[in-house]
Each structure stands twice: as structure tokens, then as C-alpha cells.
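*Asks:*
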Amino acid sequence: MDTMKVETIGKEIVKPSAITPNDLPPLQLSIMDIIMPPVYTVAFLFYTKDDLISQEQTSPTLKTSLSEILTKFHPLAGRVNGVTIDSNDEGAVFVEARVDNCNLSSFLRSPDTESLKQLLPVDDEPAPTWPLLLVQATYFQCGGMAIGLCISHKLADATSLSIFLQAWAATARGESDSVASPDFASTKLYPPANGAIKTPGEDQVRKRRSVTKRFVFEASKIEKLRNKVSSDVVPRPTRVQSVTSLIWKCVVTASTDTIREKALFQPANLRPKIPSLLSENQIGNLFFSTVTWDRKAGVDIVETVKELQKRAEELSGLVQHEEGSSMTIGTRLFGEIINSKFNYELHDMHAVTSWCKIPFYKACFGWGSPVWVAGDVFPITDNKTVLIDSKDGQGIEAWVTLYQENMLLFEQSTELLVFASPNPSVLI
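First residue of the sequence shown? That's -13 in the working numbering, and the numbers climb one at a time after it.
(1) Just to confirm before moving on: does the CB-CB distance between residue 380 and residue 205 stay below 7 Å?
(2) In this structure, what does DSSP give as the bridge partners for residue 252?
(3) Please state if the CB of residue 349 and the CB of residue 90 are separated by a distance shorter than 7 Å.
(4) Select from 28, 18 and 9 the residue whose C-alpha is nearest the C-alpha of residue 361.
(5) Sort out for me which residues DSSP pairs residue 66 with in a bridge.
(6) From residue 140 to residue 257, what distance separates their C-alpha atoms?
(7) Is it the case that the Cβ atoms of residue 285 and residue 249 are separated by a distance below 7 Å?
(8) Alpha carbon to alpha carbon, what distance is there between residue 338 and residue 252?
(9) Which residue comes first and which comes last in the beta strand (DSSP E) that contains residue 116?
(10) Residue 293 to residue -8, Cα distance in whole Å?
(11) Which residues share a DSSP beta bridge with residue 417?
(12) In chain order, what are the residue ranges of uninterrupted beta strand (DSSP E) at least 3 long that sit wholly in the region 81 to 141?
(13) Look up residue 223 in the DSSP assignment and say whether it is helix, strand or coil.
(14) Leaving out five residues on either side along the sequence, give the residues of the same chain with a beta carbon under 6 Å from the beta carbon of residue 88.
(15) Can you tell me whether residue 334 is buried or exposed? The criterion is at least 16 other CB atoms within 10 Å of its CB, across all chains shown.
(16) Hey, how far is the Cα of residue 394 from the Cα of residue 142?
(17) Please report the straight-line C-alpha distance between residue 9 and residue 118, rounded to a whole angstrom.
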């Protein structure tokens, strides 16, 4: 396939359809929000040709519904001001683009990170204080389209992004009455931020060249992996636990640094774990990362699964609470982060974050569900894997980011390739 050429054909600021009241207090960011790196949480959604998809019809629908939904999600149209968000209706950015030298099926034959970047309305630079929300609608010559959605990570984790996406899609379908009001209050869990906090390791970001590659685990291969790991003493692991354990082993094995101890971070969505305190529509960075060490003695998949299961049990214990003690839980959880033994100067970190079971494939704007979804943060951060469901809901796609020299070894791992296919075509 020739290099895809994306041409921007329009850019405008979309503001809430109703003015946000001037007396609304600024949104206080939590301590977890403020330590997020200056990146966007992003999703790519691809739709095949439909009689309802045309630039003339689709873009007005997207912009009008975006303006309408921003009245409920008004902080996304605001600006970061220190440790708060001013809901000043500065608006979101909406970009229209087209691709004339490539159809959607050709693009999906071998999707890669560099091509995906062209479908986002942001540069490869740290996210600024504004805009907090950007959208790019890209139209392919075949009639298909892609929607690239970016929300500042200071405001939104992957679940938050999905909450907004589903609400926006429902509004585009004319079902705005069914959209529940979001709850922008991550300080219900974590303590409020103050200006003295510095992002951990922020001066270590992007000092070496990293690459991101896609590996797909089909449902049948995941079942084989789960069966390989489970035994009388190891409960059957989840899909995510089994895939995470294999990736972690291959990451450690591929590392060219054999001296520094390595830590696996695994963020867990806290909303379903504390349902009496956190609503399904809670917006913010409402997760907690458990830490598993490699113990310098190499990594065994079975042992890693056991450790992940143990960390999950420990997290369940940490969030046990009395009614009304959410701040106590958040303080205790953040204390675990502060008191962890991890040090950016001494240790290597790899984060495996799961977007599985987040309903991105239900994002129907009125012209059908997406045929493929991808997600990550942007600019892309080092040493990270994002797991996201395949369209069938059973397989898993892993977007792995490693230093270039480590990726050369990782992608040749025979153990990995037994279970994963490197960047197969997306069938539509």
C-alpha cells in the first residue's frame, strides 16, 4: 500500500449549544488526575460505507450532536487552570479530513501506528491546557470513515472516554433524552490535587526511541493459553490475566538491561469495585495500579498469573469500606502508590492496561457499529501495552510500546508467536 495521504479540509471550534452558567465553580482535579502525563486518551473508530455516510450528511450531524452533548460534558469544553478546570465554553476542536489515495479496506489490511496518527487532530507534542477534547472525522474514497477522538488524560481514563463516546453517539441518533448526566467528581475518591505535586518520572519520558506494534490473540489461542496456565493450585485465569502474563514474560526476556529490576503495573478500573461510591457515569481517572515484580530471576507465566490473582485479591481488600468513607479509601489507595518501592531512577516499568469489556464497539452514531476500534494514549508513552477487545468480544488486540532495541527481540519471541499474530489484516 502506498503511503496514505490525509488532507485536512476543515477545522472549527464547537462550543456547547447552551451557555454554561458563569457562577459554576471550577472543577477540582484529584491528585490522581494531576499526576497523569500530558497526553490524550484516544480512540479510533472505523465505519464501512453506508448510504448515511457522506461528508455532507455526517459532519453536520457530528458537529450538532457534539455541541449538544457538550452542555452535559461542559468541562471538556473548558481549560486546565492549575489544579482545576474552568468550564468557560472555549469549546472543542472538530476537524474534517479526507483520504483520496486509499480505501478503508486497504488501510485495514495492515494498520500501523504511523498511519493511525494521521487520523488524529493532534501533533506529537505534550497535550496543552486547551483544547481538552478534539475530534477528527476522516472520509475515505470508498465511502468509509474514521473518527479519531482525543480527551485530555487529566480529565479522562479509557472508561471516561467511552462514557462520553456513548453519550455523543446516542445524541447523534436523536436519543439525547436517554443520556444520563455525567459526574465529574473524581475527588469523591482521591484527595484534591495541589500545585506542589510533580508528575512522577515526567523528566524520563521519551528520552529513547520507542515503537508501537499490534499483536492479535484470537479467542482459540487465548483458551489454549488459559488452559496451559490453570491447574489444581492455580485458578483458571481471566483472558486479560493470561495475555498479560505472557506479554510480561516476553517484555522482561526482551529487555537489554539485565541489571535494573522490573515492575509490571496493571491499572484497574475502580468503578465496578466500589459501586456504592462511584457511579457508572463517573468521569475522571478512577483507577488504581497494582504492581508485580520480576524478582530478577526471570519470569514464569504461571507464577505471574498467581501474582496477578494475588494483587487482585489485595485490591479487593483495600477497597473494603464503611458507607461514606470514600475519601478514606482514596487516601489509602494513593498512600499505596506513594509508599510503593518503585523508583524511576532504579527500576524499569511496563504498564499493561486493559480496555477489554469497555463497549467501544457499541458506538453507533446512526450508520451502524464500528467495524474496528483501536485505542491508546497520544503522544504515545514508553513501555506500555494497551489491551482491547477484538470485534467478536473474545479475542484481544495488544498494542505494545517498547524501546526499539527491545521490540526487535520481543517480536521474535517464539513463545509469543505461538499465541499471537503480528498485525494481521482487519477483516470487514
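Using N, Cα and C, we set each Cβ at its ideal position, and we do this for glycine too. Note that the coordinates shown come from a computational prediction; the quantities given were computed from them, not determined experimentally.
*Replies:* Result, derived from the coordinates:
(1) yes
(2) The bridge partners DSSP lists for residue 252 are 276.
(3) no
(4) Considering only alpha carbons, the answer is 28.
(5) 71
(6) 18 Å
(7) Inclusion of residue 285 and residue 249 in the CB contact set at 7 Å is not warranted, their separation being larger than that value.
(8) 5 Å
(9) Residue 116 -> no beta strand (DSSP E), and no H or E assigned at all.
(10) 45 Å
(11) An answer regarding residue 417 cannot be provided, because it is not within the stretch -13 to 414 covered by the chain.
(12) With a minimum length of 3 residues, the continuous beta strand (DSSP E) runs that stay inside the region 81 to 141 are 119 to 126 and 131 to 138.
(13) Correct three-state label for residue 223: coil.
(14) Non-local beta-carbon contacts of residue 88 in its own chain, meaning distances under 6 Å to residues more than five positions away in sequence, involve -10 in chain order.
(15) buried
(16) 32 Å
(17) 21 Å
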